[in-house]
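Heads up, the thing below is written out as structure tokens.
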Amino acid sequence: MTHTTTEPAALSPAPSASVLDEHARGWRSKLWQAGLVLAVVFFASWYVDLLDFRTLANGVPAIATLLRESLPPDFTNVMDWVSPLLDTLAMSIAGTAIAVSASVPLAFMAARNTTPHPAVFHLTRTLLNGLRSVPELIMGIIFVAAVGFGALPGVLALGLHSIGMVGKFFAEAIEHVDEAPVEAADASGATRLQVLWHAVLPQVLPQFADVSIYRWEYNFRASTVMGMVGAGGIGFELMGSLRIMQYQEVSAILIVILLMVTMVDSLSGHLRKTFK
6 MTHTTTEPAA LSPAPSASVL DEHARGWRSK LWQAGLVLAV VFFASWYVDL LDFRTLANGV
66 PAIATLLRES LPPDFTNVMD WVSPLLDTLA MSIAGTAIAV SASVPLAFMA ARNTTPHPAV
126 FHLTRTLLNG LRSVPELIMG IIFVAAVGFG ALPGVLALGL HSIGMVGKFF AEAIEHVDEA
186 PVEAADASGA TRLQVLWHAV LPQVLPQFAD VSIYRWEYNF RASTVMGMVG AGGIGFELMG
246 SLRIMQYQEV SAILIVILLM VTMVDSLSGH LRKTFK
């Protein structure tokens, strides 16, 4: 009978001292970074009195009183809110359409791999940053002063502000495309426009659709408050009820807005699945 002997498995070599030191330095660096972030957050919270728990506690009775005065919700004038809700929905759709239409060409100029010239790249990026930096409420005030009250200033404000964000996301999607189809199209003798149309655009269309739908969700929520600056929509009704301190009607309007936001969110989720 033959006996087989098994050799013991080779032990992995122990990590060297230099590797351990480097690992420890990495952990110390991460701890320093985390500590710095926490210190900044703590300072910001202290600076805005978020850590003033006595003031926060003193505000609880006032909030409780306001909640009591808001109940039960008063839906007496609910039929009068149908038209403002439609205005709000139309504002969000039209504003998003403006943003997407303008963002597509701007995105190709603001992407490093498709811009026709570095100067065009920097100019377009500056434009997008400028549009994104001005809040839509400020734009709403400006357009109300320019074109008067109603839904139009709300559409213009939502559309222009959204160009800054949508254009940025579109440009980043273009910059992350697979270069293989682009190189193949170039090698086949395609023109620059043909390369963009056949090699770049098909790759980014799903991301474009996803960003557009998300922005529509955001614009609907933003359009509900555009009425606070006179730009029409359900926000105008909300501000009217707040001014005369009809808090029961305010709570009813907020419930209606919540239901509409939930419906828009469900519809956008369905649209995302459809486009995928």
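Residue 6 is where the sequence shown starts when you use this note's numbering, and the numbers rise one by one after that.
Think of the CB as a built atom: it goes at the ideal place given N, C-alpha and C, for glycine as much as any other residue.
ask   = Since M250 contacts G232 with CB under 8 Å, what's their CB separation in whole angstroms?
value = That belief does not hold up - the Cβ atoms of M250 and G232 are roughly 18 Å apart, past 8 Å.
task = Take the Cβ of M144 as the centre, count every other Cβ of all protein chains shown within 10 Å, and call the residue buried at 16 or more, exposed below.
result = By the neighbour-count definition (other C-beta atoms within 10 Å, threshold 16), M144 is a buried residue.
task = Could you have a look at L76 and say whether DSSP puts it in helix, strand or coil?
result = In the three-state scheme derived from DSSP, where H, G and I count as helix and E and B as strand, L76 is classed as coil.
message = Within the continuous alpha helix (DSSP H) that includes D92, where are the two ends?
response = 87-115 is the span of the alpha helix (DSSP H), which, as asked, contains D92.
inquiry  = Please return the same chain residues whose Cβ sits closer than 7 Å to the Cβ of T229, not counting the five positions on each side in sequence.
reply    = Cβ neighbours of T229 beyond the five flanking positions: T93, G238, I239, G240, I262.
task = Count the CB pairs spanning the segment 264-279 and the segment 197-212 that are closer than 8 Å, and state whether there are at least three.
result = Contact fails: fewer than three Cβ-Cβ distances are below 8 Å.
request  = Have a look at L142 and T131 and give me their C-alpha separation to the nearest angstrom.
outcome  = The straight-line gap separating the alpha-carbon atoms of L142 and T131 is approximately 21 Å.
ask   = So, using beta-carbon positions, are G164 and A102 closer together than 9 Å?
value = For the 9 Å CB-CB criterion, G164 and A102 form a contact.
When W221, L72, A67 are compared against L259, the one with the closest alpha-carbon = The residue with the shortest Cα to Cα distance from L259 is L72.
query = With burial defined as no fewer than 16 other Cβ atoms inside 10 Å of the residue's Cβ, what is the status of F225: buried or exposed?
reply = Buried: at least 16 other Cβ atoms inside 10 Å.
Every unbroken alpha helix (DSSP H) inside the segment 148-232 [4 residues or more] = Every alpha helix (DSSP H) stretch that sits fully inside the segment 148-232 and reaches 4 residues is listed by chain position as 156-180, 184-192, 197-200, 206-231.
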